[in-house]
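Undergrad: The following block contains the structure, expressed as structure tokens.
In our numbering, the protein residues as written are 59 to 743.
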């Protein structure tokens, strides 16, 4: 149910599924055991997927579905217990994203020869717990005060409610989930349907590329976020693909272009240009957009901290009485300050274990200054970028939340600080080992921030779901810590196993391995390139500056619209995300938003305003099913892929089946789009 503005108090009242006056068992023994197991399993599955394709699947909805299926075997269970399990389980998936986007870069920089348990576990644990702590004030700022949808949080809540009540809602979710699961299995497992389509048009030396992922889940996300966000994200993609790439190809020396694209042509060439150059425009735009978001959120965060402190005082006076409703009780706000300071010691200890002073070639005094600076920067940047990640999760969802962009901004900033700090004593152009050691230092700091931001973004979705179903935030936050701990304990062995089995990002642990089976680790490769590029002085600073200017222009436009009282607003991060993400992911999100817009127009004209909300609810439930089905299969497929060390182990496609698979995938995408529209607009009567 959408939040409603509650008068002058500027808080948003809502009616949770389980009212605050009713208390149900939430943290139970079976919920803890199941949450720990699912967190460990989902972290491993998503570690593989993220290293393979650079994207992870949000696990909140799959965890909710699995939890419901298992807890139904027990006589006593309830919706809040289900919610607690998915809260812990999804923490494992999100923590895996923060780790795999950063720490494998240390392998690529040849700083590590494997994944040592203590440093890997320490970074994951400290960063993850920081992310949980930072969601305490952010919950009030982003979920209660800010007008954000949190699409996957809403979808998770609808899945939980439908599972508790059954009826037509559950049938819609089940129907959409089964169909999306079958398509995902056909695309990624059986390889009989294509997962994406793309093409290009050449105009002189320029190339205009366009593509679309054929994902029902992204279609569902687009329906939930709506036409405005979907359009702005695609507008950002248009800046990259229809303007920046063609201009770059037209004005850049052909020899330079050939060095980037190699022998590739058409869409593949455009994709190489985007990956190597244009994507950094998105980095610049997200840095400026992130700073602007932080400035915009300062008031809400301040109010959230203040109201959390007031809630803590009221709880002490009333001993948990009616002055503090159960559904508004967070973990004590003082834990944020105390916990953050306490985590400084283990973070510093990890830095001491990993950062080699002799490799840096600096004095002991400067060495300890570097470690202390890195620790403080990790803590401060962790909170700032956790706020940005939480905001973006509310805007476009967890699965499309560009945590890698946030991490790049962190690594870029700390790399520049280190360069200025060390530059007087180190000539990086002389000693490559020194440059690589400094780059590794930046990666470590970025890893802490990445884990905190990944956890914060995903946890905000879980807390949004909890607010809708009537969970106790404090208990969710406790389970988030439990999920982080369980995932942190298994992530190092999992990464070590994957590295030894496949190799990572061009690095093979031993001779005789098949490079075609290697996990490309695209995000970690990008992180290594950024960190090394600062110290090697070869980053595309021009692209970063252009992106920053674009973001400034978007902010100016948005402020003009705001001053004029326009209903049309242009949030800069939506455009920045569009510049940064592949256009293939943006097209289905845009299409889903257009479907939502068409549904509201048609139903309003046919049945009146009262029926629009019911139509939106039907579409939301079906979209939740699409996300659920695809996510479940995406995670489950990682098991045979890892066991047989091949993504073709289930392939049924014969030689030369590519064209037919493209037609099947395209037809399925059109069919799902029409199906979503029909389900939403059908008359309730």
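Think of the CB as a built atom: it goes at the ideal place given N, C-alpha and C, for glycine as much as any other residue.
Predicted model, so just to flag it, every value in this text is computed and none were measured.
With distance defined between alpha-carbon atoms, name the residue in 306, 134, 198, 411 nearest to residue 385.
TA: Closest by alpha carbon: 198.
Undergrad: Is the beta carbon of residue 621 closer than 8 Å to that of residue 343?
TA: no
Undergrad: How is residue 266 classed by DSSP in three states: helix, strand or coil?
TA: Residue 266 falls in the strand class under three-state DSSP.
Undergrad: Residues in its own chain within less than 8 Å of residue 304 by CB, not counting five upstream and five downstream?
TA: 261, 264, 265, 266
Undergrad: State the DSSP-derived secondary structure class of residue 64, mapped to helix, strand or coil.
TA: The pLDDT assigned to residue 64 is 28, lower than 50, so where the model puts this residue is not dependable; a value taken from the coordinates is nonetheless given after this. DSSP places residue 64 in coil when its eight states are reduced to three.
Undergrad: Using a Cβ-Cβ cutoff of less than 6 Å, which residues in the same chain neighbour residue 462 once the five nearest sequence positions on both sides are dropped?
TA: 159, 581
Undergrad: From the DSSP secondary-structure annotation, give me the bridge partner or partners of residue 527.
TA: Per DSSP, none; premise fails for residue 527.
Undergrad: Does the region 624-637 come close enough to the region 288-302 that 3 or more CB-CB pairs lie under 8 Å?
TA: yes
Undergrad: Quick one: using the 10 Å Cβ neighbour count with 16 as the cut-off for buried, is residue 679 buried or exposed?
TA: buried
Undergrad: With a cut-off of 8 Å on the beta carbons, I'd call residue 568 and residue 388 a contact; round off their distance for me.
TA: The pair is not a contact, with the Cβ atoms about 49 Å apart (cut-off 8 Å).
Undergrad: Using only CA atoms, which one of 108, 146, 109 lies nearest to residue 124?
TA: 146
Undergrad: My guess is that residue 118 and residue 210 are in contact by the Cβ rule of under 8 Å, so how many angstroms apart are they, rounded?
TA: 6 Å
Undergrad: Would you say the region 501-516 touches the region 186-196, given that touching needs at least three Cβ pairs under 8 Å?
TA: yes
Undergrad: Which runs of the alpha helix (DSSP H) spanning at least 4 residues fall entirely within the region 232-282, listed in chain order?
TA: Fully enclosed alpha helix (DSSP H) runs of 4 or longer: not present.
Undergrad: Quick check: what's the CA-CA separation for residue 215 versus residue 708?
TA: Put simply, the backbone Cα of residue 215 is about 33 Å away from that of residue 708.
Undergrad: Compute the Euclidean distance between the alpha carbons of residue 241 and residue 499, then round it to the nearest angstrom.
TA: 43 Å
Undergrad: Does the distance from the CB of residue 166 to the CB of residue 505 come in under 8 Å?
TA: no
Undergrad: Indicate whether residue 93 and residue 537 have their beta-carbon atoms separated by less than 8 Å.
TA: Yes, the pair counts as a contact, with Cβ atoms nearer than the cut-off.
Undergrad: With a threshold of 16 other CB atoms inside 10 Å of the CB of residue 625, please say whether the residue is buried or exposed.
TA: Exposed, because fewer than 16 other Cβ atoms sit within 10 Å of the Cβ of residue 625.
Undergrad: Residue 657 to residue 138, Cα distance in whole Å?
TA: In this structure, the CA atom of residue 657 is about 32 Å from the CA atom of residue 138.
Undergrad: Give me the DSSP bridge partner(s) of residue 565.
TA: Note: residue 565 sits in a beta bridge opposite 562.
Undergrad: Measuring straight from C-alpha to C-alpha, what distance separates residue 598 and residue 283?
TA: 33 Å
Undergrad: Taking Cβ positions, are residue 272 and residue 650 nearer each other than 8 Å?
TA: No, Cβ-Cβ distance for residue 272 and residue 650 is not below 8 Å.
Undergrad: For residue 289, which residues of its own chain have a beta-carbon under 7 Å away from its beta-carbon, when the five flanking residues on both sides are left out?
TA: 648, 651
Undergrad: State the Cα-Cα distance for the pair residue 310 and residue 321, rounded to the nearest angstrom.
TA: In a straight line, the C-alpha of residue 310 is about 17 Å away from that of residue 321.
Undergrad: With DSSP run on the structure shown, which of helix, strand or coil describes residue 684?
TA: helix
Undergrad: In its own chain, which residues sit with a C-beta less than 7 Å from the C-beta of residue 331, not counting the 5 before and 5 after it?
TA: 303, 306, 307, 318, 319
Undergrad: Using 7 Å as the cut-off, classify the Cβ of residue 582 as near or not near the heavy atoms of the ligand ZN, replying yes or no.
TA: Here there are no bound small molecules, and the ligand ZN is not part of this structure.
Undergrad: Would you identify the three-state DSSP class for residue 176, choosing helix, strand or coil?
TA: helix
Undergrad: Within 10 angstroms of its Cβ, does residue 73 collect 16 or more other Cβ (buried), or is it exposed?
TA: exposed
Undergrad: Using a 10 Å radius around the Cβ and a threshold of 16 neighbouring Cβ atoms, would you call residue 520 buried or exposed?
TA: buried
Undergrad: When burial is assigned at 16 or more other CB atoms within 10 Å of the CB, is residue 667 buried or exposed?
TA: exposed
Undergrad: Please determine, among 691, 659, 553, the residue with the shortest C-alpha to C-alpha distance to residue 174.
TA: 553
Undergrad: Where does the unbroken alpha helix (DSSP H) through residue 664 begin, and where does it stop?
TA: 641-665
Undergrad: Pull up the distance between the alpha-carbon of residue 131 and that of residue 628, whole angstroms please.
TA: Taking the straight line from one Cα to the other gives about 48 Å.
Undergrad: Let me see if you follow: with CB-CB separation under 8 Å, is residue 90 close to chain C or not?
TA: In the structure shown, chain C cannot be found, because there is only a single protein chain.
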